[in-house]
Amino acid sequence: MCDGGGGGGGSTPFDRQPIREKLKYKAWLHIFLGFVCMVTIIGIPIAFLFFILARRTFRKRASYPVIEITCKVCGKKYVVEPYIHGITCDYCRQSVYVKG
Ligand SMILES: [Zn+2]
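For the sequence shown, position 90 matches number 83 in the working numbering, and the numbering has no gaps at all.
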């Protein structure tokens, strides 16, 4: 899900899933570099290398484990990485902690 730019003190996708977000940026960077390489004929094999790297990074991101937590106040669900202990709910500004 994409939740706009937005400022404020709420949690961002980056707070909830730092590793997955980093992998996503890395993959898009590879795709961007791939397109840059494609501009020149000589760069096309390098471009394919970047696209393969991007696909691998997306797969790594998809297989990264996540857990789902629910805000007790408003019931909003969040998907976070397992080592995240708590986040701030975007809607009611309550702290949501991971059980156990
Ligand atoms: Zn809430």
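The C-beta atom is built at its ideal place from N, Cα and C for all residues, glycine as well.
Roughly how many angstroms lie between the CA atoms of residue i and residue j, to the nearest whole one?
i: L42; j: G27; result: 8 Å
i: W21; j: P11; result: 15 Å
i: P38; j: C30; result: 8 Å
i: F51; j: L16; result: 7 Å
i: C67; j: E14; result: 25 Å
i: P6; j: T33; result: 36 Å
Tell me whether residue i is buried or exposed, calling it buried when 16 or more other Cβ atoms sit within 10 Å of its Cβ.
i: T63; result: exposed
i: A55; result: exposed
i: R49; result: exposed
i: S88; result: exposed
i: I35; result: exposed
i: I45; result: exposed
i: R86; result: exposed
i: Y71; result: buried
Per the DSSP calculation, residue i is bridged to which residue(s)?
i: K70; result: T63
Quick one: what does DSSP say residue i is sitting in, helix, strand or coil?
i: Y84; result: coil
i: G27; result: helix
i: Y90; result: strand
Out of the options, point me to the one whose CA is closest to residue i's CA.
i: K69; options: I80, T33, A47 and Y76; result: I80
i: I60; options: V73, H23 and S4; result: V73
i: K92; options: T33, K65, R48 and R86; result: K65
i: I24; options: I35, R9, G36 and A40; result: A40
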